[in-house]
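Undergrad: Here's a structure for you.
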Amino acid sequence: MSEHFRVEGGARLVGEVEVVGAKNSVLKLMAAALLAEGTTTITNCPEILDVPLMADVLRSLGCGVDVDGDTVTITTPAELNHHADS
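Under my numbering, think of the first position of the sequence shown as 44, with each following residue one higher.
This is the structure:
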């Protein structure tokens with residue numbers, strides 16, 4: 044059985060969530076950072092080759108991404124770049 048949260052109402056959500064998961068969950072968390080304007084910090088990241096690749100994808104969308112050891116900091120702009128490079 045999976046755990047989930049249901050949020051109702053128009054109030055803005057602010058806070059921290061501790062997620063326990065498989066090593067590849069960091070990629071999903073990095074993608075989820077696109078949903079939150081501002082800065083998202085993911086700690087205790089595994090050192091897998093896909094993390095820097097995903098960081099490059101997020102940068103191409105206009106995000107600022109800093110990978111420092113086991114910490115990834117993603118700054119999502121108000122408007123993402125949605126044009127593919129040719």
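Glycine included, each C-beta is placed from N, C-alpha and C at the ideal position.
(1) Are there 16 or more other CB atoms within 10 angstroms of the CB of T119, so buried, or fewer, so exposed?
(2) Would you please state the rounded distance, in angstroms, between the beta carbons of V69 and P89? I believe it to be under 8 Å.
(3) Please report the residue range of the beta strand (DSSP E) in which V108 lies.
(4) What are the residues that DSSP puts in a beta bridge with V115?
(5) Whole angstroms is fine: what's the gap from C106's alpha carbon to L123's?
(6) Report yes if the CB atom of V110 is closer than 7 Å to the CB atom of R102, and no otherwise.
(7) Among A79, K66, G53, L72, which residue has its Cα nearest to the Cα of L92?
TA: Concretely, from the data shown:
(1) Sixteen is the threshold: when 16 or more other Cβ atoms of the shown chains lie within 10 Å of the Cβ of T119, as they do, the residue is buried.
(2) At roughly 6 Å, the Cβ-Cβ gap stays under 8 Å, so V69 and P89 are in contact.
(3) Bounds of the beta strand (DSSP E) holding V108 are 107-111.
(4) DSSP, once it has assigned bridges, lists I85, V110 as partnering V115.
(5) Distance between the alpha carbons of C106 and L123: 7 Å.
(6) Not closer than 7 Å, so no.
(7) For the residues A79, K66, G53, L72, the minimum Cα distance to L92 belongs to K66.
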